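Here's the structure, in structure tokens; my notes come after.
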Amino acid sequence: MRMLRWMSGFTLRDGIRNEHICEKIRVAPVEDNIRESRIRWFGHIKRQPSDDPVRKVEVLDFTYVKKGRVRTKKFWLENIRNDLSLLDLNENLTFNWIVVISWIFINLILSMPFFMTI
Numbered sequence: 080m081r082m083l084r085w086m087s088g089f090t091l092r093d094g095i096r097n098e099h100i101c102e103k104i105r106v107a108p109v110e111d112n113i114r115e116s117r118i119r120w121f122g123h124i125k126r127q128p129s130d131d132p133v134r135k136v137e138v139l140d141f142t143y144v145k146k147g148r149v150r151t152k153k154f155w156l157e158n159i160r161n162d163l164s165l166l167d168l169n170e171n172l173t174f175n176w177i178v179v180i181s182w183i184f185i186n187l188i189l190s191m192p193f194f195m196t197i
């Protein structure tokens with residue numbers, strides 16, 4: 080964030096929030112970058128042959144594992160399903176990561192305040 084502040088000419092003393100600086104410079108939010116890399120990795124795994132060890136882990140059954148009293152952890156596949164539903168994608172589109180990245184980029188551009196006024 081320090082580099083972004085320096086690029087925009089603001090300091091911490093100016094009291095400008097990080098979100099406003101990111102909007103001004105048009106930097107993608109961290110959540111979008113994480114979502115993009117997660118979907119890209121999902122597509123990479125889906126392109127592997129079905130006898131690959133990574134694909135064999137998909138069908139393992141963990142129901143016998145004893146769970147604690149705390150909230151159950153969110154599984155990686157649940158995150159992927161949430162990401163795909165958020166971006167209106169299906170699993171077949173993840174085979175081509177260029178389509179996914181362009182889809183994310185279009186949604187990011189359309190969500191910026193500058194384009195909402197046009």
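Under our numbering, the first residue of the sequence shown is numbered 80, with each subsequent residue one higher. Yeah, the Cβ is synthetic: ideal placement off N, Cα and C, and Gly gets one too. Since the structure is predicted, the reported quantities are computational estimates derived from the model, not experimental observations.
Rounded to whole angstroms, what's the CA-CA distance from Asn-175 to Ile-124? Just pull it up for me.
On the sequence shown, residue 175 is found 96 positions in, with the first residue counted as 1. On the sequence shown, residue 124 is found 45 positions in, with the first residue counted as 1. If you take the alpha carbons of Asn-175 and Ile-124, they lie about 12 Å apart.
Neighbourhood of Val-136 by C-beta distance below 7 Å, restricted to the same chain and skipping five residues each side:
Walking along the sequence shown from the start, residue 136 turns up at place 57. Closer than 7 Å at the Cβ level, and outside the excluded window around Val-136, lies no residue.
Once DSSP output is grouped into helix, strand and coil, what is the label at Ile-95?
If you number the sequence shown from 1, residue 95 lands on position 16. Looking at Ile-95 - three-state DSSP - the assignment turns out to be coil, as it is neither helix nor strand.
Can you tell me where the alpha helix (DSSP H) with Lys-135 in it begins and where it stops?
Within the sequence shown, numbered from 1, the residue matching residue 135 stands at position 56. In the DSSP annotation of this structure, the continuous segment of the alpha helix (DSSP H) that includes Lys-135 starts and ends at 132-137.
In the DSSP assignment, find the unbroken alpha helix (DSSP H) run with Lys-153 in it and report its ends.
Mapped onto the sequence shown, residue 153 falls at position 74. According to the DSSP assignment, Lys-153 belongs to no alpha helix (DSSP H), since it is labelled neither H nor E.
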